[in-house]
DNA sequence: TACACTATTTATAATAG
DNA sequence: TCTATTATAAATAGTGT
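Residue numbers (the working numbering), protein chains in the order written: chain A, 2 to 103; chain B, 2 to 103.
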């Protein structure tokens with residue numbers, strides 16, 4: 002992505018991986034916060050590092066996000082769910098996102 | 002941020018907000034996926050749009066992420082939790098992230 | 001070991017379709 | 001409602017301290 006783009010696959014060097022994890026985790030949290038503010042969305046992000054450490058962001062509170070998520074899932078059980086698969090890029094694994102229909 | 006940067010506050014125009022929501026949601030999901038691959042992290046992202054639509058990404062499965070989250074929270078109940086507050090930028094609201102200590 | 005720098009890639013605002 | 005284009009802002013990989 003910068004000064005020589007990197008391939009999206011696991012970074013083997015533990016040191017580099019930690020540095021990248023810090024930078025990108027910070028960036029992801031910032032983006033999540035911006036999106037929640039700009040678009041009035043309720044957002045929860047949960048990250049477990051490869052060492053098992055937990056990092057989280059919630060625009061409201063994580064428990065409220067999880068509750069709402071579970072409730073939505075229950076309500077949608079009798080409805081069909083559309084699963085759309087898109088490629089992040091041609092070589093990479095498939096990224097699956099699920100959209101509820103209501 | 003581009004062709005005239007925007008302030009991070011709720012976009013009032015519904016049409017613009019929707020377009021921005023689509024773009025940034027896509028970007029956030031991509032970043033989450035990249036981070037999970039690059040750094041071997043388990044990540045879950047839950048987004049409710051302002052119209053109540055649910056969008057989600059999980060590197061493994063959302064239920065496994067939520068389970069692990071709940072378990073971690075239980076285990077940490079007797080430990081102290083550090084709350085660190087950082088500014089996304091000087092004018093904006095405070096963004097709170099919580100780090101577990103173990 | 002965590003920041004600071006910066007060249008470069010990536011994300012995206014405005015716009016049109 | 002979503003996609004495409006493009007100019008520009010933001011993110012970040014590699015490096016230095």
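Glycine residues also receive a C-beta, built at the ideal position from the N, C-alpha and C atoms.
Distance between residue j and residue i (C-alpha atoms, nearest Å)
i, j, result
"residue 7 of chain A", "residue 17 of chain A", "12 Å"
"residue 36 of chain A", "residue 26 of chain B", "7 Å"
"residue 72 of chain B", "residue 55 of chain A", "11 Å"
"residue 15 of chain B", "residue 29 of chain B", "20 Å"
"residue 5 of chain A", "residue 63 of chain A", "37 Å"
"residue 79 of chain A", "residue 19 of chain A", "Bear in mind that a pLDDT of 49 at residue 79 of chain A, under 50, signals an unreliable position, so the number given afterwards is only what the model happens to contain. Straight-line Cα distance between these residues: approximately 43 Å."
"residue 31 of chain B", "residue 69 of chain B", "22 Å"
"residue 52 of chain A", "residue 40 of chain B", "10 Å"
"residue 42 of chain A", "residue 77 of chain A", "20 Å"
"residue 74 of chain B", "residue 61 of chain B", "19 Å"
Beta carbon proximity, residue i to chain A, threshold 8 Å
i, result
"residue 35 of chain B", "yes"
"residue 43 of chain B", "yes"
"residue 6 of chain B", "no"
"residue 32 of chain B", "yes"
"residue 16 of chain B", "no"
"residue 72 of chain B", "no"
is_contact[residue i, chain B] using C-beta, thresh 8 Å
i, result
"residue 40 of chain A", "yes"
"residue 50 of chain A", "yes"
"residue 79 of chain A", "Confidence at residue 79 of chain A is low in this model, with a pLDDT of 49, below 50, so the placement of that residue is unreliable and no value is reported for it."
Beta-carbon contacts of residue i that lie in its chain and below 6 Å, excluding the five residues immediately before and after
i, result
"residue 59 of chain A", "45, 66"
"residue 47 of chain A", "57"
Close-in-space but distant-in-sequence residues of the same chain around residue i (CB under 7 Å, 5 per side omitted)
i, result
"residue 33 of chain A", "44, 46, 58"
"residue 22 of chain B", "50"
Contact set for residue i: own chain, Cβ-Cβ below 8 Å, skip 5 residues either direction
i, result
"residue 12 of chain B", "18, 21"
"residue 24 of chain B", "none"
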